[in-house]
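Residue 245 in this note's numbering sits at position 63 of the sequence shown; the count goes up by one each step and never skips.
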Amino acid sequence: MTRILTIDPEQTRGLRKLLFWANKRQYGGVVPGIFKIMFRDLNIAFPGGWLYNYLHMRKGSPLSRLQREMLATVVNGLVGGAP
């Protein structure tokens, strides 16, 4: 059981289903754990998604590759993701 509430992408409807589909397509068939957390509240999801993309996905990211991997490992563990 996870300590942080998440949304199962397969059980969503409406706008969330479309957003999960777009994220799944963007990230090679998987939805990052951070989006499973943020999509519970769309008022957080949009600015949070922008911040995530700004820090992690842009070419001149202020985080090193190692720092991004460390963050991903912690989030994945907190949401009960695969090892």
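For glycine and all other residues, C-beta sits at the position ideal for the given N, C-alpha and C.
Values in this document were obtained by computation on a predicted structure and should not be read as measured data.
Counting C-beta pairs closer than 8 angstroms gives fewer than three between the region 244-251 and the region 217-229, which falls short of the contact rule. Remark: C-beta atoms of ARG222 and LEU187 approach each other more closely than 8 angstroms.
When DSSP assignments are scanned along the region 196-225, the uninterrupted stretches of alpha helix (DSSP H) that are 4 or more residues long and fall wholly within it turn out to be 196-208, 215-220. Of all alpha-carbon atoms in LEU253, VAL256, GLY259, ILE189, the one lying nearest the alpha-carbon of PHE217 is that of ILE189. Assigned with DSSP and collapsed to three states, ARG247 falls in helix. DSSP, read as helix, strand or coil, puts THR255 in helix. Its Cα nearest to that of THR194, the residue VAL213 stands out among GLN208, VAL213, LEU237.
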